[in-house]
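Those protein sequences? They're chains A, B, C and D, same order as listed. All the letters of the first sequence, read from the start, carry residue numbers 0 to 370 under numbering that gives the first Met the number 0. All the letters of the second sequence, read from the start, carry residue numbers 0 to 370 under numbering that gives the first Met the number 0. All the letters of the third sequence, read from the start, carry residue numbers 0 to 344 under numbering that gives the first Met the number 0. All the letters of the fourth sequence, read from the start, carry residue numbers 0 to 344 under numbering that gives the first Met the number 0.
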Amino acid sequence: MESADREKSPGSTREAAAPVQLLTPDGRRVEHPEYSIDVSPEELRGLYRDMVLARRVDAEGVTLQRQGELALWPSLLGQEAAQVGSARAVLDGDHVFPSYRDHGVALCRGVDPLALLAMFRGVSNGGWDPEDHGFHLYTLVIGSQTLHATGYAMGMAKDGAHGAAVVYFGDGATSQGDVSEAFNFAAVYDAPVVFFCQNNQWAISEPTEKQSRVPLYRRADGFGLPGVRVDGNDVLACLAVTRAAMQRARCGQGPTLVEAFTYRMGAHTTSDDPTRYRDSAEVAHWAAKDPIARLRTHLLDTAHADQAFLDEVDHTADQAGQRLRALVRSMPAPDPHAIFDHVYADGHSLVDEERAQFARYEASFAETGGN
Amino acid sequence: MESADREKSPGSTREAAAPVQLLTPDGRRVEHPEYSIDVSPEELRGLYRDMVLARRVDAEGVTLQRQGELALWPSLLGQEAAQVGSARAVLDGDHVFPSYRDHGVALCRGVDPLALLAMFRGVSNGGWDPEDHGFHLYTLVIGSQTLHATGYAMGMAKDGAHGAAVVYFGDGATSQGDVSEAFNFAAVYDAPVVFFCQNNQWAISEPTEKQSRVPLYRRADGFGLPGVRVDGNDVLACLAVTRAAMQRARCGQGPTLVEAFTYRMGAHTTSDDPTRYRDSAEVAHWAAKDPIARLRTHLLDTAHADQAFLDEVDHTADQAGQRLRALVRSMPAPDPHAIFDHVYADGHSLVDEERAQFARYEASFAETGGN
Amino acid sequence: MTLLTTAPADLAPALVPPPATRTLTLGKAVNTALRDAMAADPKVLVMGEDVGRLGGVFRITDGLYEEFGPERVMDTPLAESGIVGTAIGLALRGYRPVVEIQFDGFVFPGYDQIVTQLAKMHARSLGKVRVPVVIRIPYGGGIGAVEHHSESPEALFAHVAGLKVVSPSDAQDAYWMLRQAIEGDDPVIYFEPKRRYYEQGDLDTTRPTRPLHGARVLRQGTDATLLGYGPTVKTCLAAARVAEEEDGRSLEVIDLRSVSPLDFASVAASVRRTRRLVVVHEAPVFFGAGAEIAARVTEHCFHHLEAPVLRVGGYHAPYPPSRLEEDYLPGLDRVLHAVDHVMSF
Amino acid sequence: MTLLTTAPADLAPALVPPPATRTLTLGKAVNTALRDAMAADPKVLVMGEDVGRLGGVFRITDGLYEEFGPERVMDTPLAESGIVGTAIGLALRGYRPVVEIQFDGFVFPGYDQIVTQLAKMHARSLGKVRVPVVIRIPYGGGIGAVEHHSESPEALFAHVAGLKVVSPSDAQDAYWMLRQAIEGDDPVIYFEPKRRYYEQGDLDTTRPTRPLHGARVLRQGTDATLLGYGPTVKTCLAAARVAEEEDGRSLEVIDLRSVSPLDFASVAASVRRTRRLVVVHEAPVFFGAGAEIAARVTEHCFHHLEAPVLRVGGYHAPYPPSRLEEDYLPGLDRVLHAVDHVMSF
Ligand SMILES: Cc1ncc(C[n+]2csc(CCOP(=O)(O)OP(=O)(O)O)c2C)c(N)n1
Ligand SMILES: Cc1ncc(C[n+]2csc(CCOP(=O)(O)OP(=O)(O)O)c2C)c(N)n1
Ligand SMILES: [Mg+2]
Ligand SMILES: [Mg+2]
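This is how it looks when you write it as structure tokens:
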């Protein structure tokens, strides 16, 4: 069963529009009546570098999990264009609200990948400062960050700031009441927020048609915001569409829903076994639309890059990956007393009491030498 | 500010379609390309009788509250056509999920109005058997009944029953995540359910544009179900549109959202003071669209009824109202031990224990004569 | 969190009324606190259903919309998860949203955002992020309301780390505890005893009386301690008076004020003196605040107790229709009954 | 609810293994219970996220989709409120939905439907309506998972009248308690100790061993009682063994099994014998089940207690990142520490 076909199944009441595309799967540059984009060769190379790095860091996550260094890793494989393209539309003064698979976005924002790996190692539940890179913490409760982004955007508007929020979530997330409420709040308050839905076709084992009867970008219709479907494996289209949506938001023209039509090439997470629920033919079909290969072909065809560049990019990414691996392996275990840190900003007597109890309890072992 | 105009405010991204109308405010019968209806003079008179009775019972609720006999009463004044028209599209084998203002629907289903009054007297929290009249309990947590109706309808489909569920909710309710989730579940499972939204323009003090940027029937678009706006003060249009939607559902053609565009003529409840937030001009504007006057004019103009009939209907309704008043006034206080009844179907040792404790405690006063 | 929360320690009932006091209702004190907080800090926002032109169904936000306008007093769509979730976002942007939940029974659609997001975000960020959202909930029964309008769900919040839970019992506390909650950087669930909205009390707005999370001894006694918070404080005081008049008993009365954190030191100090404790709250006894207090007091004052800690509260049943609420609620007689019982050990 | 719930009273550990037993994991016992319940009653449905072809993230619904098809094993949209809310509707239509919540921390979007609708509908209808929905929640920590995947929220359900809350600790109970929960007419929150899914145990499917809501004495002792449920039962048993071997202490161990209702009679009977009680659960101690048990035991066994009831459980902090969970969870050492403490009074 082919995913593109699924959108036209009898269960769908309406056809999906063709996604916005600026780069065909075989690397040809095409024009779109509404979304044009002017990217320099240097920018193109930058996008390529971002995607390769994202894939390499992601692969490192998978490997480290296999080696027992991480508890879990949710791979972004296949979603590099959606993440990098959209993330490169984010400017200083904007603010990103990610889900849990958005490592590519995190990298583009300058978040240290080690922080992501620490999280999936079980060392922290996040821990970076969202204000440092305009990149909020990962959110694991599906969809709830869409409301945070909307509220944050409402605040930006109140401040009179010329920025926008962008929030990432999946196809499955669109079913959550919170996401509908976020669409509605954003529409009612005309909040400067872009809803960036990575429709990677699967929510763990459930294909999109179990989540929705209509193509997801149409969800926006019901709330009065524009909805647009973009080829999520086309980094240029993702950049162009997100850039336009962010610009609209920054200029007071309100929220937009962007559905990036892409594919989760790997398992849901390292704990998942997708052979239980999906065909290898489907995966193969999408492999042919690989977002990195597409840009690589384009770069080579247009001579905007040569093999040496590609090799250098691979090499750099690989070095970054190896550096990460070493850092993760030598990451110290957290201090047990950290359990009691930061539960409250202004303190809480019970936490203080339990922290002291815990310290005494730990100390009792030190004394007796027991454990 | 006129409500119909509000729909065209700059905040709305799209114009609303003209609502389906079969009877003009001045009582003329008009045709609609999609919704035709054949109603006998007798049926017309029946609808009139239902509406007058609903208004009379409702007025009794308001009066009894003023007299201290009820704790609260949410008046349906102005919504008689929406409620009676839609309720008369419900057949045996269908199932209704009401909100808390749907006394007219309850009456049409044959629910004893005394049960409604008992609830707002503080004697019970409901208490009728939904299976008796295919009419579920009132639900006060806004929007949550839309999911019950959807689940019930999913069950009807599983049973292979030729019935449909219909659920009532307000304009404010559309903002709740539950209602969006219900639209989505209904669409995904193609459940035989009709979502009947009474847009009475206000959610307590908040006008509809604070809830939604688009006309509410458009919400359906985003979930892949048909949405239709009907003149909610036109009992024939409400009947025709709901009948068609119910029939679609019963025949396996899935869910529909019906938005009945009407007006809450009274306060939100007897506790509310609408002068704090809305103009009397708006109320006057809508008074001219009175649903009962409209049908009365039509009946008289077409000679389907005469003054004697109207008088008899008023008289009968009045008698029913007076009977109710007497019954409410003589309604016995509930037995305090009822606190412990029906907490569980299969019992619970703590409830038994507390019931026994309570009985001993009560008995201790009887013994000592204290209180 | 500087000025207001570093207030002097519990002063016990002030003997002389402070100079700049005025008399107003508890509800009006909440309203005044909101107005003063908004005037003091432009980042303070008020949001919720009908809080604008209507001034809220209890009129607690009365006049704020007129004074501060729609950008700071926001009528929201009817969606509690949306309200709390966007309040979190606003807080992340540097605002201090004060959310009104219309009635106790309607907080649950927003419960997920409160429990999984609001409560944990500070810890999740290792302290980088602060989410100073205050959630005001008119709670409790006794006003003859319909279903879902009379509940006391405080235990469902107190169990959750990351939240603070408080409830004032008079106008002075209603004002200052809200000011302190708004000024603090932690999420606070602020439970307003709705059936006490119309009780008159003195308010001195010159300075806070005591820390936000300190309990307060309202009446000293020697035979047993009665502990209440929010709406049951008045009941406890009445019971103490009756017990004194009718049975010559000397009961100490504590207003707990804060359910999380508990000012356990004050409670324990009282119990060590009186050796007996009765906890009174409207919430169901089963898994209620009384359980935690009883367990903790017993653990720490085991050898001081002459009797087990007794609990008076709601039954393990849905809040009943209002014609039965007087039988359900922990009223004067039930408290006195428990006092008799605790003295009988 | 006739056949299954009128099972013989608690039999204490059976001395001879019953005839038709087999050995399987706790997880497989849950799976078997679902299959048998579905086979026995065509109205039983299974619904949730990924319960179909995948068989659930823990494979607890493995094979059911293949055996019963998509009409009875329903992969739902990703929306817990929608799942619970439609399950209520299905129950009203005569079905018996068994809902799977994927992880403990994800039940909260469905909390409103559980607390305001599922729990109250029977009472609201004065008994006319029955809503036999079972909500299965894999809960607790110890599996090295990320945030929201290791929590123990049982107190947040036990406080709510209208719900029953249970948790099995071995294969036999996992099977029968689920069968009984499904057969009963009340909503049941069925907490599955996920870190015990792979523990082997004996299962006899010929007849239920004991009533759904009865506690079970797993080990008799004289010095103190250890009480656990779900995942901590194994910890308690281990602690009892170590305490015997190392300190010659004789500890009684009770598996509570049901958190609401509590089989208080059994607990009290044990405490009257041993005069000391330690309650162990993974949930935070503050406002946890231990508080209710301690308060109740103290009230009813005041003069029998040699020491206060002690509680061992989670701290008042968000469940920590998994590298710290061994420090957070009530493990063997912490239980033994509490035993030492309770014996020192
Ligand atoms: C509220 C909630 N329910 C369930 C889960 C468990 N869960 C984690 S990921 C996932 C699927 C998400 O699918 P989608 O939104 O498409 O994002 P993707 O994983 O494909 O990026 C589920 C059900 C969760 N994290 N939160
Ligand atoms: C979840 C929830 N939040 C808040 C309320 C309080 N409340 C009762 S009625 C109402 C307004 C409902 O408006 P609408 O849906 O338009 O229905 P109407 O009253 O106009 O019939 C509100 C906010 C509630 N009942 N439930
Ligand atoms: Mg997905
Ligand atoms: Mg309305």
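Glycine included, each C-beta is placed from N, C-alpha and C at the ideal position. Quantities reported herein were computed from a predicted structural model and do not represent experimental measurements.
Neighbours of C:P76 in chain A, taken as residues at a C-beta separation under 8 Å, are given in chain order as E180, N183, F184 and V187.
If you look at A:G125, you'll find it isn't in any beta strand (DSSP E); DSSP assigns it neither H nor E. For the options C:A78, C:R178 and C:E305, the alpha carbon positioned closest to that of C:R95 is the one of C:R178.
When Cβ-Cβ separations below 8 Å define contact, A:L113 makes no contact with chain C.
Going by beta carbons, B:V257 and B:A236 fall outside the 8 Å limit.
Taking a 10 Å sphere around the C-beta of C:Q101, we find 16 or more other C-beta atoms and assign the residue as buried. Between B:P129 and the set B:F119, B:G109, B:T145 and B:G121, the nearest pair of CA atoms involves B:G109. Near chain A, meaning a CB-to-CB distance below 7 Å, the residues of the region 135-161 of chain D are G143, A144, V145, E146 and H147. Contact between the region 331-342 of chain B and the region 351-365 of chain B is established, with three or more Cβ pairs separated by less than 8 Å. When secondary structure is reduced to three states using DSSP, D:K127 falls in the coil class, being assigned neither helix nor strand.
Annotated as proximal: C:A86 and A:G150, with beta-carbon spacing under 8 Å. According to the DSSP assignment, B:C237 belongs to the alpha helix (DSSP H) that extends over V234 to R249.
At least one heavy atom of ligand 1 lies less than 7 Å from the C-beta of A:W201.
In this structure, ligand 4 has a non-hydrogen atom nearer than 7 Å to the beta-carbon of B:D170.
By the rule that beta-carbons nearer than 8 Å mark a contact, D:H315 touches chain C. Shown in chain order are the members of the region 173-188 of chain C whose Cβ falls below 8 Å from a Cβ of chain A: G183, D184 and D185. For A:R249 and C:V334, the gap between their C-alpha atoms comes out near 60 Å. Residue pairing by DSSP places A:Q197 opposite A:G169 and A:A259 in a beta bridge. Among the residues facing chain B, C:G213 is not included, as its CB has no counterpart in that chain under 8 Å away. Under DSSP, D:M73 shares a beta bridge with D:M46. Look at C:A282 here: in three-state DSSP terms it is strand. Straight-line spacing of the CA atoms in B:G169 and A:P24 works out to 48 Å. Contact holds between the region 274-282 of chain C and the region 294-307 of chain C, because three or more Cβ pairs, one in each stretch, are under 8 Å apart. For B:C196, the closest C-alpha among the options B:A219, B:G60 and B:G126 is that of B:A219. Using a Cβ-Cβ distance cut-off of 8 Å, the region 76-93 of chain B and the region 130-139 of chain B are in contact, since at least three pairs of beta carbons, one from each stretch, lie closer than that value.
Inside the region 264-331 of chain A, DSSP marks whole alpha helix (DSSP H) runs of 4 or more residues at positions 279-286, 290-300 and 306-328, from first to last along the chain. Taking 8 Å as the CB threshold, D:P307 lines the interface with chain C.
With a cut-off of 7 Å, the C-beta of A:R100 is classified as near ligand 1, since at least one heavy atom of the ligand falls inside that distance.
With respect to A:V19, A:R228 sits close: the two C-beta atoms are nearer than 8 Å. Taking a 10 Å sphere around the C-beta of B:H314, we find fewer than 16 other C-beta atoms and assign the residue as exposed.
Contact between the region 110-117 of chain C and the region 139-157 of chain A is present, with at least three C-beta pairs closer than 8 Å.
Remark: three or more beta-carbon pairs, one from each stretch, lie closer than 8 Å, so the region 234-244 of chain C and the region 334-343 of chain C are flagged as touching.
Distances between the C-beta of B:R218 and the heavy atoms of ligand 4 are all 7 Å or more. A:Q200 sits close to A:Y262, with the two beta carbons spaced by under 8 Å. In the DSSP assignment, D:V133 forms a beta bridge with D:V97 and D:V187.
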